[in-house]
Every structure is written in structure tokens, then in C-alpha cells.
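Asker: Mind having a look at this structure? Questions to follow.
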Amino acid sequence: EKACPISKCSTRMQVSMGDVAYTKMMMHAARYFYCAVDGLCIGTCGESEITILDVVPLFHNGTLAPMLEAAAYMAERYAKSVAGAEGAVVGYYFSNEHVKDEALTVQAATIGSTIGDALASTGRRACVVQLANARLEHPTDAGLVAYESNGTAWTRTDAAVKVDPAVTNLFLSALDDDLPIVDFDLHLDDVAMDWRNTQVKDWVKRRLK
Numbered sequence: 002e003k004a005c006p007i008s009k010c011s012t013r014m015q016v017s018m019g020d021v022a023y024t025k026m027m028m029h030a031a032r033y034f035y036c037a038v039d040g041l042c043i044g045t046c047g048e049s050e051i052t053i054l055d056v057v058p059l060f061h062n063g064t065l066a067p068m069l070e071a072a073a074y075m076a077e078r079y080a081k082s083v084a085g086a087e088g089a090v091v092g093y094y095f096s097n098e099h100v101k102d103e104a105l106t107v108q109a110a111t112i113g114s115t116i117g118d119a120l121a122s123t124g125r126r127a128c129v130v131q132l133a134n135a136r137l138e139h140p141t142d143a144g145l146v147a148y149e150s151n152g153t154a155w156t157r158t159d160a161a162v163k164v165d166p167a168v169t170n171l172f173l174s175a176l177d178d179d180l181p182i183v184d185f186d187l188h189l190d191d192v193a194m195d196w197r198n199t200q201v202k203d204w205v206k207r208r209l210k
């Protein structure tokens, strides 16, 4: 996968990620640790803040445009059930195949721009979130990097993605419990498999009681 040139600059953009979203994304990457994975971020957003409440795990066998379009359509409808009328696909997440590869891929930038274009008409912005594998060696690091677009290029935000420290520990418990995760690849193989992963949401609720 080709890398996309990026620059680093100060920004007002703040990205936060909730417990269900973080657990799903991390379990997706953990299940397919041997390859690149990606997904769509669901939540609410404005001009300077994005709140990711859920994610839709997409692929682990490579992203194909027709399947991405189908997944995006279903995810947009799903977003309304997650966050009400303001709910939307607010970003894209990805994890590269190699542990030390922290490049922003051209694919991530392209998909992020497509999402951003759809939100721009209402004054909202999108983000791209990267799971930086090497950073997960540090127990207190959520391992996330966020990017925003200035209209012509994607830039890494200065502010860290906000994740409650307790949520990172929740992910470790999910690993111990071998919590199953279904991405769109699996759903396409067997439509009975639920890409919404309601079992993860139920598991998180039980754990946080």
C-alpha cells in the first residue's frame, strides 16, 4: 500500500472515542494481526470536535470499491440508530500490516476525503484514525493517531485521541474472553453473521456495570 505524504500542524480538531468503538476496533485488529484492517467510524461531529461512538469493521482481505460502497450505505443507516438524527459516518480507521509501518496510506486519505466531502455541506468535518501498532507496547498508550484534512492534504493532529484509560483495560479483558468480532468480509461470506457486532456492545455493558 502506497503512503500518502502528510504534514504536522497545530489544529483545533479534537477526536474522542467511546468504549464500544475502541473495543470493536482493537478486537478487529487483534483478530487479524497478520494483515491490514480497516473500518468506518460512527458518531457525531462538528467543525472542531468528533465523537466516535461505534465502528463498523470492514475488511481484512483488501478493500474493494463495490463492497465499500455497499458497506458505507449500510453504515450510514446504522449511524442513525447509534446516535440519532445527528449520527453519521464521521471517519475511517485503519491499521497497517507491519507493526512498524505508521504511514498514512493513500487509500485511507482517499476514503477519508470521500467521507469529509459528504459532511462538508453541513459544516462538519471527518477524521482518519490510525491504530499505531508499535505504540501498544506501552500500557498507558491507546495507540491511536488522528488525521484531519485541510481540503488539500491530510495532517496529523497535535491532540491525542481521547480514550478513557479504563477502556484500554477493557480491551485486554476482551482479549482474555476471546470476544468474537465480525467484519464485512465475514458478513459477505455468510450474511447470517452480524457486522453490527451487537455482542460487543452487550459485553461492554456487562463489564461496566
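Residue numbers (my numbering): 2 to 210.
Think of the CB as a built atom: it goes at the ideal place given N, C-alpha and C, for glycine as much as any other residue.
Predicted, not measured: the structure shown is a model, and the values here were computed from it.
1. Which value, in whole angstroms, describes the spacing of the CA atoms of Asn134 and Glu103?
2. From the DSSP output, read off the bridge partner residues of Thr45.
3. Measuring alpha carbon to alpha carbon, tell me which of Leu65, Val168, Ala154 ends up nearest Ala127.
4. Please state if the CB of Phe60 and the CB of Phe185 are separated by a distance shorter than 9 Å.
5. Identify whether Val21 lies in helix, strand or coil by the three-state DSSP scheme.
6. Check whether the Cβ atoms of Leu41 and Val16 sit closer than 9 Å, and answer yes or no.
7. Pull up the distance between the alpha-carbon of Trp196 and that of Ala30, whole angstroms please.
8. Check this for me: beta carbons of Ala22 and Ile43, under 9 Å apart or not?
9. What number of angstroms, rounded off, separates the C-alpha of Ala89 from the C-alpha of Met14?
10. Should Ser150 be labelled buried (16 or more other beta-carbon atoms within 10 Å of its own) or exposed?
11. Find out if the Cβ-Cβ distance for the pair Arg125, Glu48 is shorter than 9 Å.
12. Grouping DSSP H, G and I as helix and E and B as strand, with all else coil, what is Ser122?
13. CA-CA distance, Val38 and Thr199?
14. Per the DSSP calculation, Cys128 is bridged to which residue(s)?
15. Which of helix, strand or coil does DSSP assign to Tyr35?
16. How long is the line joining the alpha carbons of Ala109 and Met194, rounded to whole angstroms?
17. Are Asp55 and Ala80 touching if we call contact CB-CB under 9 Å?
Answerer: The answer reads as follows:
1. 8 Å
2. Thr52
3. Ala154
4. yes
5. helix
6. no
7. 15 Å
8. yes
9. 17 Å
10. buried
11. yes
12. coil
13. 20 Å
14. Gly92
15. coil
16. 26 Å
17. yes
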